[in-house]
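Notes for the one structure printed next.
There are 2 protein chains.
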Amino acid sequence: MGEFELIARFFERPVRRSPLGVGDDCALLQPALGMQLAVSTDLLVEGRHFLSTVDPQRLGHKALAVNLSDLAACGAQPLAFTLSLALPHVEEAWLAGFAQGLFALADAHGCELVGGDTTRGPLAINVTVFGEVPAGQALLRSGARPGDDVWVSGSLGDARLALEAFRGTVSLPQEVFEAARQRLERPEPRVALGLALRGIASAAIDVSDGLAGDLGHVLRRSGVGATLALASAPQLLAAARSGLQLAPQMVEQLVFAGGDDYELAFTAPASARDAVQSAAQRTATPVTQVGRIEAAPGLRLLDAAGQPIARSFGGFDHFGAS
Amino acid sequence: MGEFELIARFFERPVRRSPLGVGDDCALLQPALGMQLAVSTDLLVEGRHFLSTVDPQRLGHKALAVNLSDLAACGAQPLAFTLSLALPHVEEAWLAGFAQGLFALADAHGCELVGGDTTRGPLAINVTVFGEVPAGQALLRSGARPGDDVWVSGSLGDARLALEAFRGTVSLPQEVFEAARQRLERPEPRVALGLALRGIASAAIDVSDGLAGDLGHVLRRSGVGATLALASAPQLLAAARSGLQLAPQMVEQLVFAGGDDYELAFTAPASARDAVQSAAQRTATPVTQVGRIEAAPGLRLLDAAGQPIARSFGGFDHFGAS
Numbered sequence: 001m002g003e004f005e006l007i008a009r010f011f012e013r014p015v016r017r018s019p020l021g022v023g024d025d026c027a028l029l030q031p032a033l034g035m036q037l038a039v040s041t042d043l044l045v046e047g048r049h050f051l052s053t054v055d056p057q058r059l060g061h062k063a064l065a066v067n068l069s070d071l072a073a074c075g076a077q078p079l080a081f082t083l084s085l086a087l088p089h090v091e092e093a094w095l096a097g098f099a100q101g102l103f104a105l106a107d108a109h110g111c112e113l114v115g116g117d118t119t120r121g122p123l124a125i126n127v128t129v130f131g132e133v134p135a136g137q138a139l140l141r142s143g144a145r146p147g148d149d150v151w152v153s154g155s156l157g158d159a160r161l162a163l164e165a166f167r168g169t170v171s172l173p174q175e176v177f178e179a180a181r182q183r184l185e186r187p188e189p190r191v192a193l194g195l196a197l198r199g200i201a202s203a204a205i206d207v208s209d210g211l212a213g214d215l216g217h218v219l220r221r222s223g224v225g226a227t228l229a230l231a232s233a234p235q236l237l238a239a240a241r242s243g244l245q246l247a248p249q250m251v252e253q254l255v256f257a258g259g260d261d262y263e264l265a266f267t268a269p270a271s272a273r274d275a276v277q278s279a280a281q282r283t284a285t286p287v288t289q290v291g292r293i294e295a296a297p298g299l300r301l302l303d304a305a306g307q308p309i310a311r312s313f314g315g316f317d318h319f320g321a322s
Numbered sequence: 323m324g325e326f327e328l329i330a331r332f333f334e335r336p337v338r339r340s341p342l343g344v345g346d347d348c349a350l351l352q353p354a355l356g357m358q359l360a361v362s363t364d365l366l367v368e369g370r371h372f373l374s375t376v377d378p379q380r381l382g383h384k385a386l387a388v389n390l391s392d393l394a395a396c397g398a399q400p401l402a403f404t405l406s407l408a409l410p411h412v413e414e415a416w417l418a419g420f421a422q423g424l425f426a427l428a429d430a431h432g433c434e435l436v437g438g439d440t441t442r443g444p445l446a447i448n449v450t451v452f453g454e455v456p457a458g459q460a461l462l463r464s465g466a467r468p469g470d471d472v473w474v475s476g477s478l479g480d481a482r483l484a485l486e487a488f489r490g491t492v493s494l495p496q497e498v499f500e501a502a503r504q505r506l507e508r509p510e511p512r513v514a515l516g517l518a519l520r521g522i523a524s525a526a527i528d529v530s531d532g533l534a535g536d537l538g539h540v541l542r543r544s545g546v547g548a549t550l551a552l553a554s555a556p557q558l559l560a561a562a563r564s565g566l567q568l569a570p571q572m573v574e575q576l577v578f579a580g581g582d583d584y585e586l587a588f589t590a591p592a593s594a595r596d597a598v599q600s601a602a603q604r605t606a607t608p609v610t611q612v613g614r615i616e617a618a619p620g621l622r623l624l625d626a627a628g629q630p631i632a633r634s635f636g637g638f639d640h641f642g643a644s
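Shown next as structure tokens:
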């Protein structure tokens, strides 16, 4: 099967909202009047971002999900995406599965494939996603202010727990492993919550490299610091909530520096607590307050007794040793 | 050097036209009123699209150039781009050269880097480019009509000639090789010509996989056929114009099926010949009429005596054996 047949068979579908989709030199997008276009791109490489054995359907889902997660963190409504795919060889069953997982998530968010590129090469997937947000209303990393609450959505650390199980550094009961693996391989981007937080959150980021590292980006961009409560960790790890016994330090490491969570971390004024809870309820997304923004730069951690504790969590660095 | 330091050192520059650039979850773009956003993406993989020995400055240029060429083929004005980079290791001199070549071309076209992603992995480069075009004025592949002339810009086949020299299948005088190598490694996207052809050309495509193959896309999308004159080949190959003696069949193969040309192939009504020539002059871009659109589907070739000749040129297929 050649490049053009591959595209026609698996990736060419009529567009419904964009003026022009797959099949010309460019796709054409038309943001609505008063809207800005939010753009994000993520490159996934085998061995670094996914295991070679991963189910292709889950991989198709994840390749788009990690990008939709960036739109969510900006409060943008998904619109369209492009897909670049380097494949070591053409395997029809793999491509069919990949496309199925990709389009199922795309359809769930009304996000259409408008263009792309395919080539032979070491397996790599690059998705660039486009969303709409009213001019001036995007959630940025730079808006956190002293006194704001720090919130996170959903659960943190379970994806990394699954990765550790794959690596053999931890042994998990089958049910716990399957649930954690689902979090690793099939993250659900928090698009609805991101949209609901427009006008409420002062800053937001998606947690892809670990909460401590990603919140650090918000703190630096906003010129502030924060204190987080280590005691919130067991409530944030789904595996711990479901009864799995792990060393407290491991739970904290997973929750604050796990990575691959694709949850939202966001800040909002204390006066907006009811509005945050209401946005969470409307979108059926659990949220947890985990700390407070302060004027003094840096990230501080408090132990269960409310005492400062020295602990450094490096974020996941794609050029690091992790 | 970690991922974030790498981005900050080599790829983070203030944006001047876009509302938000590198450093948040998304970039923000704001097309002007009445404008559509043209989007294109290209994935370049080592060994397939460039040699491992290529000068990084030329590679940075080419990674953006091949995308700007797609904008040119749509008649779109470059606006912004994202860059995803998988690197086997961090080599500062290489990155500095790559960034220099990339930004020199970007600046020449007023096209700013607004976002991206970097990771460790087998060397791969994905650029997604954004341009503006007035709604309804994009040059498409689908507009060719019987009676239209077929035109190409600049020279064809020299990039492939350089590749053949690298492969050792042809031996070239040093000067000819250097000129051809420049065409392979440092193509100049025909952005100005693409803009000048708005309202004049009936269809356009950029020649990346060989003229015969790429024109074939125009013919299929337009529901028409075409006849090309093989005799135009020696005039289109710069190396032949400069006196290099090659077998006629090789010249024809290079010109009609070479690939990596990044010239524009376009169609226009015969009544627009003066307008085409004027657009070419205004943008200092040579153009050559190479054939005619006809109602009968398919691509026909005429020999020097004007007789039909049976010859099949496959386009370059990124999953083929080429």
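Chains A and B supply the protein sequences, listed in that same order. So the first sequence is numbered by my numbering: it starts at 1 and just counts up by one. So the second sequence is numbered by my numbering: it starts at 323 and just counts up by one. For glycine and all other residues, C-beta sits at the position ideal for the given N, C-alpha and C.
* Fully enclosed by the segment 554-618 of chain B, which alpha helix (DSSP H) runs are 4 residues long or longer? -> Whole alpha helix (DSSP H) segments, 4+ residues: 555-558, 560-563, 570-579 and 595-604.
* L351 of chain B and L37 of chain A look like a contact to me (Cβ under 8 Å); what is the Cβ gap, rounded to whole Å? -> 4 Å
* Asked: At a Cβ threshold of 8 Å, is C433 of chain B touching chain A?
  -> no
* Have a look at S477 of chain B and L407 of chain B and give me their C-alpha separation to the nearest angstrom. => The alpha-carbon atoms of S477 of chain B and L407 of chain B are separated by roughly 30 Å.
* How would you call P187 of chain A, buried or exposed, if buried means at least 16 neighbouring beta carbons within 10 angstroms? -> buried
* Tell me D303 of chain A's beta-bridge partners as DSSP assigns them. => D303 of chain A is not bridged to any residue.
* First and last residue of the uninterrupted beta strand (DSSP E) at R442 of chain B -> E434 to R442
* Tell me whether the beta-carbon of E434 of chain B lies closer than 8 Å to the beta-carbon of Q399 of chain B. => no
* **Cβ-based contacts, 9 Å cut-off: residues of the segment 22-48 of chain A near chain B** => G23, D24, D25, C26, A27, L28, L29, Q30, P31, L33, M35, Q36, L37, A38, V39, S40, T41, D42, L43, L44, V45, E46, G47 and R48
* Asked: Going along chain A in order, which residues have a C-beta closer than 7 Å to the C-beta of I527 of chain B?
  -> D25
* Classify E325 of chain B as helix, strand or coil using the three-state DSSP reduction. => helix
* Asked: Which of the three DSSP states, helix, strand or coil, is assigned to V191 of chain A?
  -> helix
* DSSP puts A293 of chain B in a beta bridge; with which residues? -> In the structure displayed, chain B extends from 323 to 644; residue 293 of chain B sits before or after that span and is not available.
* Asked: Can a CB atom of chain A be found closer than 8 Å to the CB of G476 of chain B?
  -> no
* List the residues of chain B that L68 of chain A touches, going by C-beta distances under 7 Å, in chain order. => Chain B residues near L68 of chain A: none, gap ~11 Å exceeds 7 Å.
* Check whether the Cβ atoms of V577 of chain B and G479 of chain B sit closer than 8 Å, and answer yes or no. => yes
* **C-beta contact flag for S171 of chain A and T285 of chain A at 8 Å** => no
* Sequence-distant residues of its chain with Cβ nearer than 7 Å to A201 of chain A (five each side left out) -> L139, F266, T267 and A268
* Asked: From A:A80, A:V218 and A:G115, pick the residue whose C-alpha is nearest to that of A108 of chain A; which is it?
  -> Nearest in C-alpha terms to A108 of chain A, of all of A:A80, A:V218 and A:G115, is A:A80.
* G116 of chain A: contacting residues in chain B (beta-carbon distance under 7 Å) -> Listed by position along chain B, the residues whose Cβ is nearer than 7 Å to that of G116 of chain A are T363.
* To do: Using a threshold of 8 Å, state whether the C-beta atoms of R311 of chain A and L301 of chain A are closer than that.
  => Yes, the Cβ-Cβ distance between R311 of chain A and L301 of chain A is below 8 Å.
* Could you spell out where the beta strand (DSSP E) holding A525 of chain B opens and where it closes? => A525 to V529
* Nearest candidate by alpha-carbon position, reference A626 of chain B, set B:S593, B:S600 and B:L552 -> The closest CA to that of A626 of chain B, considering only B:S593, B:S600 and B:L552, is found on B:L552.
* Helix, strand or coil at S322 of chain A [DSSP, three-state] -> With a pLDDT of only 37 at S322 of chain A, under 50, the local geometry of the prediction cannot be trusted, and no value is derived from it.
* To do: Figure out for me which residue from B:V513, B:L586, B:A548 and B:V546 has the closest Cα to the Cα of D531 of chain B.
  => If we check each option's Cα against that of D531 of chain B, B:L586 comes out closest.
* Identify which residue in B:G324, B:L405, B:A418 and B:L621 has its Cα closest to the Cα of T363 of chain B. => When only C-alpha atoms are compared, the closest one is B:L405.
* Asked: What residues match up with V127 of chain A in a beta bridge as DSSP calls it?
  -> A:D42 and A:L83
* To do: Report the neighbours of T450 of chain B on chain A: residues whose CB is nearer than 7 Å to its CB, in chain order.
  => T41, T82 and T128
* Are the C-beta of G382 of chain B and some C-beta of chain A separated by less than 8 Å? -> By the rule that beta-carbons nearer than 8 Å mark a contact, G382 of chain B does not touch chain A.
* **Local conformation of E132 of chain A per DSSP, three classes** => strand
* **Contact list for P341 of chain B against chain A, beta-carbon separation under 8 Å** => Near P341 of chain B (Cβ distances below 8 Å), the residues of chain A are Q36 and A135.
* For the segment 49-60 of chain A and the segment 87-105 of chain A, state whether three or more C-beta atom pairs, one from each stretch, are separated by less than 8 Å. => yes
* Asked: Within the 8 Å Cβ cut-off, does T441 of chain B reach chain A?
  -> yes
* **Contact under 8 Å by Cβ, G60 of chain A with L102 of chain A** => In this structure, L102 of chain A lies closer than 8 Å to G60 of chain A by Cβ.
* Whole-angstrom distance between G298 of chain A and W151 of chain A, CA atom to CA atom -> 17 Å
* **Residues from the segment 140-153 of chain A in contact with chain B, defined by Cβ distance under 7 Å** => L140 and R141
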